Amino acid sequence: MKVLIIEDDLRIGRFIQKGLQEVSYAAVWAQTLQEGIDLFYEDTYDTIVLDIGLPDGSGLDFLRDIQQHDEDTPVLILSARNDVEDRIIGLNLGADDYLGKPFGFSELLARLRALTRRRNASQQTTLEYKGIRMDLLSRKVTADGGPMELSQREFAILEYLLQNKQRIVTRTQISEAVWEGSYDLETNIVSVYMSKLRQKLRAAGRVDAEIRSQRGVGYCLE
Numbered sequence: 023m024k025v026l027i028i029e030d031d032l033r034i035g036r037f038i039q040k041g042l043q044e045v046s047y048a049a050v051w052a053q054t055l056q057e058g059i060d061l062f063y064e065d066t067y068d069t070i071v072l073d074i075g076l077p078d079g080s081g082l083d084f085l086r087d088i089q090q091h092d093e094d095t096p097v098l099i100l101s102a103r104n105d106v107e108d109r110i111i112g113l114n115l116g117a118d119d120y121l122g123k124p125f126g127f128s129e130l131l132a133r134l135r136a137l138t139r140r141r142n143a144s145q146q147t148t149l150e151y152k153g154i155r156m157d158l159l160s161r162k163v164t165a166d167g168g169p170m171e172l173s174q175r176e177f178a179i180l181e182y183l184l185q186n187k188q189r190i191v192t193r194t195q196i197s198e199a200v201w202e203g204s205y206d207l208e209t210n211i212v213s214v215y216m217s218k219l220r221q222k223l224r225a226a227g228r229v230d231a232e233i234r235s236q237r238g239v240g241y242c243l244e
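In terms of my numbering, the sequence shown opens at residue 23 and continues consecutively.
Quick look at the structure:
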């Protein structure tokens, strides 16, 4: 997941960027309104963390600007606890959530994950790739037209692989997406689930998709 951080406070900006990088997120940090606008239009982001009080303008101006061009990227506002009016204006301008300062990283991360889940749910209800079809509403999977019986964890892992098809994903990224980082990375549980998924894909028949291991790195659905 790629996050754009727009925050002029050096301590807070470093805190957010470092925390996101430690859970394998790509975190791009801008310290001014103009830098944030430039970075936004140069690339695509999954979520935006936006401080309202910036040295060269208001984060509300950023919201006004991007809402004319992009209504899909979720925005989380950061604000001092007494800035109630700014929060209300921000939400009315299209921000998706707000977090008062000071805050803990675990809460920030949970809110970003929730925004991403909501966005993904609203964008698509099915995932398809090389003979695999996943219905996110009914939570049913077919391979080569036939049903695949998956456990809850297997479904979540396959969903993540389909969302990142043809890209290598690390064990840490899978852990954060499926277990929300709540299991010991020293165990081989991801490998066990990958083995089960491979067996079920092979048993499904004529399915071209294959889960490949990238030694020392992670996995790729090809």
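Ideal Cβ positions, reconstructed from N, Cα and C, are used throughout, including at glycine. As the structure is a prediction and not an experimental result, all values here were calculated from the model.
When every heavy atom of the ligand MG is checked, does at least one fall within less than 8 Å of the C-beta of residue i?
i   : result
G79 : What this structure holds is no ligand at all, so the ligand MG is not there to describe.
Pick from the options: whose alpha carbon is nearest that of residue i?
i    : options                : result
I38  : L72, D68, L61, Y67     : L72
N114 : L32, R193, R86         : R86
G167 : L158, A178, F177, Y151 : Y151
G79  : L158, T95, I59, R36    : I59
G41  : S101, A132, T54        : A132
G240 : I196, R135, L159       : I196
S235 : Q188, V106, G75        : Q188
L137 : T95, A231, P124, E171  : T95
L183 : E171, L159, V212       : V212
According to the Cβ coordinates, are residue i and residue j closer than 9 Å?
i    : j    : result
D83  : K24  : no
D118 : L149 : no
A48  : L61  : no
I70  : I28  : yes
M156 : E129 : no
L223 : V214 : no
A165 : I154 : yes
G81  : A102 : no
E244 : A225 : no
L158 : F125 : no
What are the residues that DSSP puts in a beta bridge with residue i?
i    : result
A48  : K24
G122 : S101
E150 : R155
I179 : In the DSSP output, where bridge partners are listed per residue, I179 has none listed.
T192 : G240
T69  : V25
Have a look at residue i and residue j and give me their C-alpha separation to the nearest angstrom.
i    : j    : result
G227 : S217 : 17 Å
G116 : Q221 : 45 Å
Q174 : W201 : 11 Å
Y67  : I190 : 19 Å
Q89  : Y120 : 17 Å
V45  : I111 : 31 Å
T54  : R36  : 14 Å
R109 : K123 : 12 Å
D31  : V106 : 20 Å
L134 : R237 : 30 Å
L172 : R140 : 23 Å
F177 : E198 : 15 Å
Is DSSP giving residue i helix, strand or coil here?
i    : result
G81  : helix
R237 : coil
A225 : helix
A165 : strand
L76  : strand
L134 : helix
L219 : helix
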